[in-house]
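**Q**
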Amino acid sequence: MADAAPLSGVRVLITRPRAQAEVLAGAIRREGGEPLVWPLIDIQPVRDPARLDATLATLDRFDLAIFISPNAVQQALARLAQLGRSWPPALAIAAIGNGTAQALAAHGLAAAIVPRARFDSEGLLAEPALQSVTGRRIVILRGEGGREQLADTLRARGAELTYAECYRRQAPAPDPQAARRLAPDAVDIAIFTSAEAIDNLLQLYGETGRRLLRDTPVLVVSERLAARVAEHRPRTAPRIVRPDDADIVTALRAWRAGEKTL
């Protein structure tokens with residue numbers, strides 16, 4: 002007899018930072034699945050916010066603000082509120098993807114630019130609104146470090162770039178129960194939304210992490226992540242999906258309907 006719910010009994014490993022993981026976990030539960038929330042990245046405020054505060058105090062001098070992630074939205078707007086400031090009404094916003102745009106909407110802010118295809122730097126750079134930016138003052142709100150392609154390309158197109166680094170990422174403390182919880186008979190399918198999560202998995206758990214990537218079906222959100230997983234010769238090729246929660250759940254349903262094949 003068919004299961005009543007599309008994901009009934011499916012154990013889904015979610016490796017996102019906890020705040021984003023819980024939202025996706027709720028969507029999976031509503032489909033009957035069993036989300037296994039295992040954050041492989043911890044999000045923390047920057048240690049010294051002085052530079053961030055200085056940039057947030059002068060947001061009204063910029064022509065465009067680009068948010069790189071939902072974490073950038075949460076951390077930057079929380080800090081802005083702590084400073085007793087509000088978002089400048091005239092400052093246009095770009096979001097790296099729909100998840101970031103939704104995080105902005107939850108704070109009453111609308112993103113004027115959101116990629117229509119790829120939800121990454123390449124997708125954002127392909128948007129018509131960012132082709133001619135000569136002389137425009139752009140602030141990129143992101144975590145510490147990260148890829149430089151977005152800023153480098155916009156500078157090459159003539160923009161004046163400033164970073165507002167509003168959070169830092171760190172590996173979580175290792176879990177002594179990892180070998181049991183990450184075993185092939187404990188996880189049906191895993192979701193990775195960042196290369197850093199894969200790096201932390203391998204650094205923290207060694208062969209246990211490599212075995213997970215080899216033996217467990219994986220969903221990833223970019224070609225770059227698919228290539229990282231492929232380095233470990235997985236039994237099943239990773240499937241690339243859009244990073245929206247709805248798209249991830251749709252992919253999980255398709256996998257389940259196809260007798261757990263990707």
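Under the numbering used here, the first residue of the sequence shown is numbered 2, with each subsequent residue one higher.
Glycine residues also receive a C-beta, built at the ideal position from the N, C-alpha and C atoms.
Treat the numbers as computed from the prediction; the structure is a model and nothing was measured.
1) Pick out the complete beta strand (DSSP E) segments inside the stretch 63-134, 3 residues or longer, and give them in chain order.
2) Roughly how many angstroms separate the alpha carbons of residue 15 and residue 180, rounded to a whole number?
3) Count Cβ pairs between the stretch 233-243 and the stretch 200-220 that sit closer than 8 Å; are there 3 or more?
4) So residue 29 packs on residue 40, CB below 8 Å; how close in whole Å?
5) Which one of 89, 106, 257, 140 has the shortest CA to CA distance from residue 165?
6) Okay, do the stretch 149-159 and the stretch 175-194 touch, 3+ Cβ pairs below 8 Å being the bar?
7) For residue 17, does the count of other Cβ atoms within 10 angstroms reach 16, so buried, or fall short, so exposed?
8) Comparing C-alpha positions only, which one of 61, 64, 243 sits nearest to residue 121?
9) Our contact map puts residue 73 next to residue 144 with C-beta atoms below 8 Å; I'd like the distance itself, whole angstroms only.
10) As a quick exercise: from 229, 220, 86, 225, pick the residue whose alpha carbon is nearest that of residue 211.
11) Name the DSSP bridge partner or partners of residue 191?
12) Looking only at its chain, what residues have a beta carbon closer than 7 Å to the beta carbon of residue 128, apart from the 5 residues adjacent to it on each side?
13) Looking at residue 220: is its Cβ nearer than 7 Å to the Cβ of residue 192?
14) Just list the residues that DSSP pairs residue 38 with in beta bridges.
15) Nearest to residue 66 by CA position, among 83, 8, 90, is which residue?
**A** Let me spell this out:
1) 65-68, 93-96
2) 16 Å
3) Contact between the stretch 233-243 and the stretch 200-220 is present: 3 or more CB-CB pairs across the two stretches fall below 8 Å.
4) At roughly 15 Å, the Cβ-Cβ gap does not stay under 8 Å, so residue 29 and residue 40 are not in contact.
5) With distances taken between CA atoms, residue 165 lies nearest to 140 out of 89, 106, 257, 140.
6) Taking a cut-off of 8 Å for Cβ pairs, the stretch 149-159 and the stretch 175-194 do not touch, as fewer than three such pairs fall below it.
7) buried
8) 243
9) 7 Å
10) Closest option to residue 211, Cα to Cα, is 229.
11) 14, 219
12) 114, 116
13) Their beta carbons are under 7 Å apart, which means residue 220 touches residue 192 by this criterion.
14) Beta-bridge pairing links residue 38 to 15.
15) 90
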